[in-house]
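Chain order of the listed sequences is A and B.
Using our numbering, you'd call the opening residue of the first sequence number 8 and step up by one each time.
Using our numbering, you'd call the opening residue of the second sequence number 8 and step up by one each time.
There are 2 protein chains.
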Amino acid sequence: MNIGTVAGNSGVSAKMIRYYEETGLIPHTRRSDSGYRKYDQTDVHTLRFIRRARDLGFSMERIRELLKLWQDRGRPSREVKAIALNHVAELDADIAKLISLRNAVSHLAGLCHGDDHPECPILDGLSGEVAG
Amino acid sequence: MNIGTVAGNSGVSAKMIRYYEETGLIPHTRRSDSGYRKYDQTDVHTLRFIRRARDLGFSMERIRELLKLWQDRGRPSREVKAIALNHVAELDADIAKLISLRNAVSHLAGLCHGDDHPECPILDGLSGEVAG
DNA sequence: TATAAACCTTCCCATCATGGCAAGGTCAAG
DNA sequence: CTTGACCTTGCCATGATGGGAAGGTTTATA
Chain A
8 MNIGTVAGNS GVSAKMIRYY EETGLIPHTR RSDSGYRKYD QTDVHTLRFI RRARDLGFSM
68 ERIRELLKLW QDRGRPSREV KAIALNHVAE LDADIAKLIS LRNAVSHLAG LCHGDDHPEC
128 PILDGLSGEV AG
Chain B
8 MNIGTVAGNS GVSAKMIRYY EETGLIPHTR RSDSGYRKYD QTDVHTLRFI RRARDLGFSM
68 ERIRELLKLW QDRGRPSREV KAIALNHVAE LDADIAKLIS LRNAVSHLAG LCHGDDHPEC
128 PILDGLSGEV AG
């Protein structure tokens with residue numbers, strides 16, 4: 008298979024497949040006489056694995072670890088679970104931060120009349136004025 | 008005031024102040040004979056405004072709009088509120104997405120024993136196997 | 001068979017907001 | 001006058017991705 012076919016079959020763009028190869032996430036693949044990258048079904052499986060992990064928000068570094076464990080038949084599932092739980096914790100932190108922002112902005116917006124007049128507690132808040 | 012003082016007083020790094028100037032978020036400031044950027048208290052106010060907006064997660068493009076409205080004494084607060092509510096909507100979307108990821112990862116993690124054995128529903132899920 | 005379309009290659013650039021570093025000029029205090 | 005703190009510009013890096021150019025290859029079609 009050429010890279011375009013693998014891209015279509017895996018859901019990972021050709022651009023990213025080359026990038027993953029370059030950064031060592033996947034090994035260098037063999038080339039045709041003319042220099043085209045050649046792939047087989049195993050590569051498609053690996054790339055699908057990567058894509059699903061990306062879809063779940065795992066960083067490339069995490070995916071690197073997950074791939075290693077995936078390919079290690081003797082891995083303890085404990086290590087995989089640790090990575091996943093760590094990711095959940097990071098997501099929780101991100102979510103908490105966004106919610107905090109959201110509430111702050113929403114609060115300010117709630118104070119603003121949103122009419123033709125220039126008075127605006129949002130701008131006042133941003134400029135540091137505590138209250139009218 | 009030199010840039011370092013303004014940075015300290017505004018909470019915006021000198022690096023970012025130069026960047027904001029370069030990208031037009033703030034105007035070019037006057038220079039001393041030796042080429043040093045010179046600022047006054049008004050600049051500190053503006054930079055504090057920018058920093059607070061950044062802290063609330065507004066993008067530079069949004070801040071550009073907010074700054075323009077802030078400096079327009081005849082603005083209708085409606086426009087400010089619209090930007091804020093739009094930002095809230097974007098934050099809500101981001102939050103929803105992260106929560107969805109979080110739940111998916113957490114679900115997979117919950118299926119995994121996390122012990123010495125290699126069986127791992129997390130890896131199975133990533134590799135596309137529906138179930139054992 | 002000739003040619004065009006579709007594909008592949010590498011290389012460079014851009015994102016977004018931020019930091020780091022380096023080489024060199026300036027200023028203030030000792 | 002030296003030292004150290006500060007300023008300047010400029011380049012590089014981030015993380016994961018896309019865009020595009022310039023040029024070689026393969027395949028399909030006229």
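Idealized CB from N, CA, C, for every residue including glycine.
Here residue 37 of chain B carries a coil assignment [DSSP, helix/strand/coil]. Residues of chain A whose Cβ lies closer than 9 Å to the Cβ of residue 81 of chain B are, in chain order, 125.
Contact annotation for residue 129 of chain B against chain A: 87, 88, 91 [CB-CB distance below 7 Å, chain order]. Looking at the DSSP output, residue 44 of chain B shares a beta bridge with B:38.
Taking a cut-off of 8 Å for Cβ pairs, the region 108-124 of chain A and the region 28-46 of chain B do not touch, as fewer than three such pairs fall below it. Residue 105 of chain B is positioned such that its CB atom lies closer than 7 Å to that of residue 101 of chain A.
Under the three-state reduction of DSSP, residue 73 of chain A is assigned to helix.
At a C-beta separation below 7 Å, residue 95 of chain B has these neighbours in chain A: 109, 112, 113, 116. Within the same chain, and ignoring the five residues on either side of residue 11 of chain A in sequence, the residues whose Cβ sits closer than 8 Å to its Cβ are 21. At the C-beta level, residue 57 of chain A and residue 91 of chain B stay beyond 7 Å of one another. Linking residue 26 of chain B to residue 41 of chain A through their CA atoms gives a straight-line distance of about 46 Å.
Chain B places no beta carbon closer than 7 Å to that of residue 35 of chain A, leaving this residue out of the contacts.
For residue 92 of chain B, the enclosing alpha helix (DSSP H) covers residues 84-118. Around the beta carbon of residue 49 of chain B, fewer than 16 other beta carbons lie within 10 angstroms, which makes this residue exposed.
The Cβ neighbour count for residue 88 of chain B, taken over all protein chains shown within 10 Å, is at least 16; the residue is labelled buried. Taking 7 Å as the CB threshold, residue 55 of chain B lines the interface with chain A. Proximity to residue 98 of chain A across B:117, B:107, B:95 peaks at B:107, based on C-alpha coordinates.
Taking CB atoms only, residue 71 of chain A has no neighbour in chain B less than 7 Å away.
Residue 15 of chain A and residue 23 of chain A have their alpha carbons spaced roughly 12 Å apart. If you look at residue 131 of chain A, you'll find it in the alpha helix (DSSP H) that goes 128-134. The beta carbon of residue 24 of chain A sits no closer than 7 Å to any beta carbon of chain B.
In terms of beta-carbon proximity, residue 58 of chain A stays away from the interface with chain B, with every pair separated by 7 Å or more.
Put simply, the CB of residue 121 of chain B is near chain A, with a gap under 7 Å to one of its CB atoms. Residue A:60 holds the alpha-carbon nearest to the alpha-carbon of residue 32 of chain A among A:47, A:45, A:60, A:8. Around the beta carbon of residue 120 of chain A, fewer than 16 other beta carbons sit within 10 angstroms, so the residue counts as exposed.
The residues 32, in chain order, have a CB closer than 7 Å to that of residue 71 of chain B in the same chain once the five nearest residues on each side in sequence are set aside.
Around the beta carbon of residue 94 of chain A, 16 or more other beta carbons lie within 10 angstroms, which makes this residue buried.
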